[in-house]
Amino acid sequence: MSTQETTAAGNVNTKSKNKLVAGLTSIPIYVWNWVMLVPTLVCISSITYKLVSTKDVLLPYQAYVHYMPISLVLIMIYFWAINVGIMEYCGVKFPQIMGLSERYLRFSAIWMCTSLLAILMLSSLLVFFFVYEPVSPRRYIAYGVLGLLYLVYAILICSWGDFFYRSSRLYLIMRLQSSFTAKTVLFADALVGDILTSLTKVLSGLGCSIIEITKHTVVTSAWVDHNCGYNPIAVNVLQMLPHLWRMHQCIKKSIQDTDFREQFFNALKYLSTIIMIVFNLVYAIHPSKGWEVTWICFSALNSAYLFYWDIIHDWNMIGRTRNPELWPNKKFQLIKWVLYIWFILFDLGARVAWLYRLSSKANDARFALLAAVIELLRRSQWIYFRVEKEDRENASGRS
Numbered sequence: 361m362s363t364q365e366t367t368a369a370g371n372v373n374t375k376s377k378n379k380l381v382a383g384l385t386s387i388p389i390y391v392w393n394w395v396m397l398v399p400t401l402v403c404i405s406s407i408t409y410k411l412v413s414t415k416d417v418l419l420p421y422q423a424y425v426h427y428m429p430i431s432l433v434l435i436m437i438y439f440w441a442i443n444v445g446i447m448e449y450c451g452v453k454f455p456q457i458m459g460l461s462e463r464y465l466r467f468s469a470i471w472m473c474t475s476l477l478a479i480l481m482l483s484s485l486l487v488f489f490f491v492y493e494p495v496s497p498r499r500y501i502a503y504g505v506l507g508l509l510y511l512v513y514a515i516l517i518c519s520w521g522d523f524f525y526r527s528s529r530l531y532l533i534m535r536l537q538s539s540f541t542a543k544t545v546l547f548a549d550a551l552v553g554d555i556l557t558s559l560t561k562v563l564s565g566l567g568c569s570i571i572e573i574t575k576h577t578v579v580t581s582a583w584v585d586h587n588c589g590y591n592p593i594a595v596n597v598l599q600m601l602p603h604l605w606r607m608h609q610c611i612k613k614s615i616q617d618t619d620f621r622e623q624f625f626n627a628l629k630y631l632s633t634i635i636m637i638v639f640n641l642v643y644a645i646h647p648s649k650g651w652e653v654t655w656i657c658f659s660a661l662n663s664a665y666l667f668y669w670d671i672i673h674d675w676n677m678i679g680r681t682r683n684p685e686l687w688p689n690k691k692f693q694l695i696k697w698v699l700y701i702w703f704i705l706f707d708l709g710a711r712v713a714w715l716y717r718l719s720s721k722a723n724d725a726r727f728a729l730l731a732a733v734i735e736l737l738r739r740s741q742w743i744y745f746r747v748e749k750e751d752r753e754n755a756s757g758r759s
């Protein structure tokens, strides 16, 4: 074949690919969301069948340890998509606050991308269920499937290729990097830091998963608890890291801002959480009634402090109730107070969700996962009120 014929064939292939890409991208996003619902339901039904039919009682615990961190991250992204839709509806100017471009991902696009990642996770989990055997070399194949999932995620998110919403992926990477390295703490950096404090279960879960793979231990119900079985030091240290960094941000911001007092007490909030984790670690290493009572008392004080700061400082709920312009406005007084009471009570309930660990269900994977999801839902509603408060302060020129 001559050079001209080769070039012509290449141009035809390029045009065909461009037409294919243009045809796929012209399909509305909501259609893709419905299309992805089919493989999602197939994976869920297959996983459910395997769970019901399996005779290995430890298999669900094994899957929980390895796939719980990814599941929580995906749930948080789903909640963020809902937040974006609500903020757009209520007129909150979050793109300017977060430093987003005009082409930022809307609700439907975020939902579609997250659904794609969820399908990959469910497919990997399904293969893991059918391949894994605790005393067989097949478990290494299952671990390989898990590693492949993380590799695919890394390629999709970190690749510099012009696909899968490249600008939004680069913004996410840039914002994560900025929250750790920037000399000036912006509101977006602090918001990312606060979200990471609600994902401490993800960090401890990743540590627990690595420990299980490297030690080749048998996962039992004890691995579901707050200390990852009998490995409390590594897990509790991982849970401290986001709070340590957020406290560091508050100290740095207190030096930059004139309002030193508020940032100082905000830093104390994260310090109290770190002390609570330390008490939990000591109690895990030296279990005794005295250390248990100490941990419970300090956890209660920490929860009260965090709840107070959410309602009074982060949300300014008192000032919000007096503002008739905010949705729900004065035309929906009943709905307004019902929603406010719900948000306040839910925040309080989520702040004391750690009490489930005092019950006999502390090692139940369902309760542990539910407590983690409740915290993500609490953080999701916190994000809306916190961003809206920042938007109002920017509009009035107070920040």
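Residue numbers (this note's numbering): 361 to 759. Glycine included, every Cβ here is placed at the ideal spot set by N, Cα and C.
Legend entry - Limits of the alpha helix (DSSP H) - the one that N596 falls within: Translated into the one-based positions of the sequence shown, residue 596 becomes position 236. Looking at the DSSP string, the run of the alpha helix (DSSP H) that includes N596 is P592 to Q616.
Inset, instruction - Please state whether DSSP places P399 in a helix, a strand or coil. - result: Taking the sequence shown and counting its residues from 1, one reaches residue 399 at position 39. Helix at P399.
Legend entry - Closest by C-alpha distance to I593, when choosing among Q609, I571 and I611: To locate residue 593, count along the sequence shown from 1; it is residue 233. Among Q609, I571 and I611, the Cα nearest to that of I593 belongs to I571.
Inset, instruction - Would you check if there are 3 or more beta carbon pairs closer than 8 Å linking the stretch 639-658 to the stretch 613-626? - result: no
Inset, instruction - Select from M636, E493, Y525 and R535 the residue whose C-alpha is nearest the C-alpha of P420. - result: The residue you call residue 420 lines up with position 60 of the sequence shown. Of the candidates M636, E493, Y525 and R535, the one whose C-alpha sits nearest the C-alpha of P420 is E493.
Inset, instruction - Scan the stretch 525-572 and note each continuous alpha helix (DSSP H) run of 4 residues or more that stays entirely inside, going in chain order. - result: Entirely contained in the stretch 525-572, the alpha helix (DSSP H) runs reaching 4 residues are, in chain order, 526-541 and 547-557.
Legend entry - DSSP three-state assignment for E325, whether helix, strand or coil: Residue 325 falls outside the range modelled here, since the chain spans only 361 to 759, and no answer is possible.
Legend entry - Bounding residues of the alpha helix (DSSP H) (the contiguous stretch that carries L465): Residue 465 sits at position 105 when you count from the first residue of the sequence shown. Looking at the DSSP string, L465 is not in any alpha helix (DSSP H), and its letter there is neither H nor E.
Legend entry - Close beta carbons around R447, own chain, < 7 Å, minus the five adjacent residues each side: Position 87 of the sequence shown, counting from 1, holds the residue named residue 447. Residue identity differs from the one stated: residue 447 is Met in this sequence, not Arg. Hits under 7 Å: F454, Y744 and V747.
Legend entry - Counted within 10 angstroms of its Cβ, other Cβ atoms place L559 as buried (16 or more) or exposed: Translated into positions along the sequence shown, residue 559 becomes position 199. Under this definition L559 is a buried residue.
Inset, instruction - Measure from the alpha carbon of I672 to the alpha carbon of each residue in C568, Q537, K749 and L532, then state which is nearest. - result: As a first step, residue 672 is located in the sequence shown; it is residue number 312 there, counting from the start. For the residues C568, Q537, K749 and L532, the minimum Cα distance to I672 belongs to K749.
Inset, instruction - Please name the residue in N591, C518 and G553 whose C-alpha comes closest to that of C568. - result: As a first step, residue 568 is located in the sequence shown; it is residue number 208 there, counting from the start. Answer by Cα proximity: N591.
Legend entry - Alpha carbon of G553 to alpha carbon of L532, nearest angstrom: The sequence position of residue 553 within the sequence shown is 193, counting from 1. The sequence position of residue 532 within the sequence shown is 172, counting from 1. Spanning the two alpha carbons is a distance of roughly 13 Å.
Inset, instruction - Look at D674 and I457 and say whether their C-beta atoms are less than 9 Å apart. - result: Locating residue 674 in the sequence shown gives position 314, where the first residue counts as 1. Locating residue 457 in the sequence shown gives position 97, where the first residue counts as 1. Contact: no.
Inset, instruction - Spell out a yes or no on whether the stretch 507-520 and the stretch 480-491 are touching, meaning 3 or more CB-CB pairs, one atom from each, closer than 8 Å. - result: In short, these stretches touch, since the Cβ pair count reaches three.
Legend entry - Those runs of the beta strand (DSSP E) which lie wholly inside the stretch 613-643 and span at least 3 residues: none
Legend entry - CA-to-CA distance, L737 to I435, given in whole angstroms: By one-based count along the sequence shown, residue 435 stands at place 75. By one-based count along the sequence shown, residue 737 stands at place 377. One C-alpha to the other measures close to 9 Å.
Legend entry - Contacts around L718, its chain only, beta-carbon distance under 8 Å, and the 5 residues preceding and following it disregarded: By one-based count along the sequence shown, residue 718 stands at place 358. Hits under 8 Å: I656.
Inset, instruction - Reducing DSSP to helix, strand and coil, say where P455 ends up. - result: Locating residue 455 in the sequence shown gives position 95, counting from the first residue. The answer is helix: DSSP assigns P455 an H, G or I state.
Inset, instruction - Please work out which residues of its chain come closer than 7 Å, Cβ to Cβ, to L601, disregarding the five sequence neighbours upstream and downstream, and give them in chain order. - result: Along the sequence shown, read from residue 1 onward, the residue named residue 601 stands at position 241. Counting only Cβ-Cβ distances below 7 Å, and skipping sequence neighbours, we find L563.
Inset, instruction - Tell me whether R463 is buried or exposed, calling it buried when 16 or more other Cβ atoms sit within 10 Å of its Cβ. - result: If you number the sequence shown from 1, residue 463 lands on position 103. Counting the other Cβ atoms within 10 Å of the Cβ of R463 gives fewer than 16, which makes it exposed.
Inset, instruction - Just tell me which of N443, I407 and V452 has its CA closest to the CA of A755. - result: In the sequence shown, counting from the first residue as 1, residue 755 sits at position 395. Of the candidates N443, I407 and V452, the one whose C-alpha sits nearest the C-alpha of A755 is V452.
Legend entry - Collapsed DSSP secondary structure at N754 in the structure displayed: Against the sequence shown, residue 754 aligns to sequence position 394. Three-state DSSP puts N754 in a helix.
Inset, instruction - Could you pull out every residue in the same chain whose Cβ sits closer than 8 Å to the Cβ of I704, ignoring the five residues on either side in sequence? - result: Indexing the sequence shown from 1 puts residue 704 at position 344. Here the set comprises I671 and M677.
Legend entry - Span separating the alpha-carbon of T574 from that of F489: If you number the sequence shown from 1, residue 574 lands on position 214. If you number the sequence shown from 1, residue 489 lands on position 129. Looking at the two C-alpha atoms, the distance is approximately 20 Å.
Legend entry - Buried/exposed call for I695, threshold 16 Cβ in 10 Å: Walking along the sequence shown from the start, residue 695 turns up at place 335. Flag for I695 reads exposed.
Inset, instruction - Compute the Euclidean distance between the alpha carbons of I701 and A548, then round it to the nearest angstrom. - result: Counting from one through the sequence shown, the residue named residue 701 turns up at place 341. Counting from one through the sequence shown, the residue named residue 548 turns up at place 188. Computed Cα separation, rounded: 28 Å.
Inset, instruction - Under 8 Å Cβ to Cβ from D617, same chain only, skipping five residues before and after it: list those, please. - result: Translated into the one-based positions of the sequence shown, residue 617 becomes position 257. Only Q623 meet the Cβ criterion.
Legend entry - Proximity to L598 [Cα-Cα], best of L641, I611, D619 and S632: Taking the first residue of the sequence shown as position 1, residue 598 is located at position 238. Of the candidates L641, I611, D619 and S632, the residue whose Cα lies closest to the Cα of L598 is L641.
Inset, instruction - Look at the alpha carbon of Y604 and the alpha carbon of S614, and state the distance between them as a whole number of angstroms. - result: Position 244 of the sequence shown, counted from the first residue, corresponds to residue 604. Position 254 of the sequence shown, counted from the first residue, corresponds to residue 614. What sits at residue 604 in the sequence shown is Leu, not Tyr. Using only the alpha carbons, I get a separation of about 15 Å.
Legend entry - Which listed residue (W440, F524, I430 and W394) has its alpha carbon closest to that of I555: Position 195 of the sequence shown holds residue 555. With distances taken between CA atoms, I555 lies nearest to W440 out of W440, F524, I430 and W394.
Inset, instruction - Note the first and the last residue of the continuous alpha helix (DSSP H) segment covering E678. - result: Looking up residue 678 in the sequence shown gives position 318. Residue identity check: residue 678 is Ile in the sequence provided, not Glu. M677 to T681 is the extent of the alpha helix (DSSP H) around I678.
Legend entry - Under the three-state DSSP convention, the category L729 falls into: Position 369 of the sequence shown holds residue 729. Helix at L729.
Inset, instruction - Using alpha carbons as the reference points, say which of P399, V712 and I437 lies closest to S468. - result: Numbered from its first residue, the sequence shown carries residue 468 at position 108. Of the candidates P399, V712 and I437, the one whose C-alpha sits nearest the C-alpha of S468 is I437.
Legend entry - W394 - DSSP class collapsed to helix/strand/coil: Locating residue 394 in the sequence shown gives position 34, counting from the first residue. W394 falls in the helix class under three-state DSSP.
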